[in-house]
Every structure is written in structure tokens, then in C-alpha cells.
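These notes concern the structure reproduced below.
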Amino acid sequence: MDWQGQKLCEQLMMIMLLGFSILGFIAGYSKGSYQMMLLVYAAGVVITTLISVPNWGFYNRHPLKWLDPIEFENSPKPEILVSKKKVTKSVKK
Numbered sequence: 090m091d092w093q094g095q096k097l098c099e100q101l102m103m104i105m106l107l108g109f110s111i112l113g114f115i116a117g118y119s120k121g122s123y124q125m126m127l128l129v130y131a132a133g134v135v136i137t138t139l140i141s142v143p144n145w146g147f148y149n150r151h152p153l154k155w156l157d158p159i160e161f162e163n164s165p166k167p168e169i170l171v172s173k174k175k176v177t178k179s180v181k182k
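Okay, so the sequence shown: first residue is 90 according to the numbering used here, each after it adds one.
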């Protein structure tokens, strides 16, 4: 799963869980049944899990491009910047 796929997966999961919780509340309220509300929400959690957990193809639309080892060796190395602050000693009187 690539970075954009992870973002899409998280957005789908959040939207689906919110949608199924609202749908479960409406179904339970209209039937007057707490059990109906829990069943609708539990079914929504199962469906959301089946959509978001497996690595489906639509999560891999933007594959990562890795550098070859030779290209990595020839690429510029990151520079380490050290801040040059003067350390002053406090004088006790």
C-alpha cells in the first residue's frame, strides 16, 4: 500500500464507520430496538474491515520509486549542520 493508498484507506474507514454508526442509530431508533442498532453497526464494522484491511489494488495506484544502490552511492550526502553558539560561563561573586 502506497502513501496515497494509506490516506484513501483511512478516509474510507472514517467515513464508513461514521455512516454506519448514523445508519445504526436511525435503524435502532425507528424500530425501538437497541439490538437492531448494534447489529447494523456491527455489520458496518465488518464491511469496513473487509474494505480497509486487505491490500486491494486501488490502494496501490502510486507505487514508490526506489533508488538503485549505485544511484544512492552517487547521490549527494546530507550535510550535518551544527549551530555555533558561544557558551558563556557564569561568574560567581
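Ideal Cβ positions, reconstructed from N, Cα and C, are used throughout, including at glycine.
Same chain, Cβ closer than 7 Å to Y130, five either side skipped, listed in chain order = Taking the sequence shown and counting its residues from 1, the one referred to as residue 130 is at position 41. Excluding residues within five positions, the ones whose Cβ falls inside 7 Å are F109, S110, G113.
What residue range is occupied by the uninterrupted alpha helix (DSSP H) comprising M103?
-> For the purposes of this step, residue 103 is taken as the residue at position 14 of the sequence shown. In the DSSP annotation of this structure, the continuous segment of the alpha helix (DSSP H) that includes M103 starts and ends at 92-120.
Nearest-angstrom Cα distance between G146 and E99?
-> Translated into the one-based positions of the sequence shown, residue 146 becomes position 57. Translated into the one-based positions of the sequence shown, residue 99 becomes position 10. Their backbone Cα atoms lie some 15 Å apart in a straight line.
M125 vs A116 beta-carbon contact at 8 Å = Reading the sequence shown from its first residue, position 36 is the one you call residue 125. Reading the sequence shown from its first residue, position 27 is the one you call residue 116. Yes, Cβ-Cβ distance for M125 and A116 is below 8 Å.
Could you spell out where the alpha helix (DSSP H) holding Y130 opens and where it closes?
-> For the purposes of this step, residue 130 is taken as the residue at position 41 of the sequence shown. For Y130, the enclosing alpha helix (DSSP H) begins and ends at 123-141.
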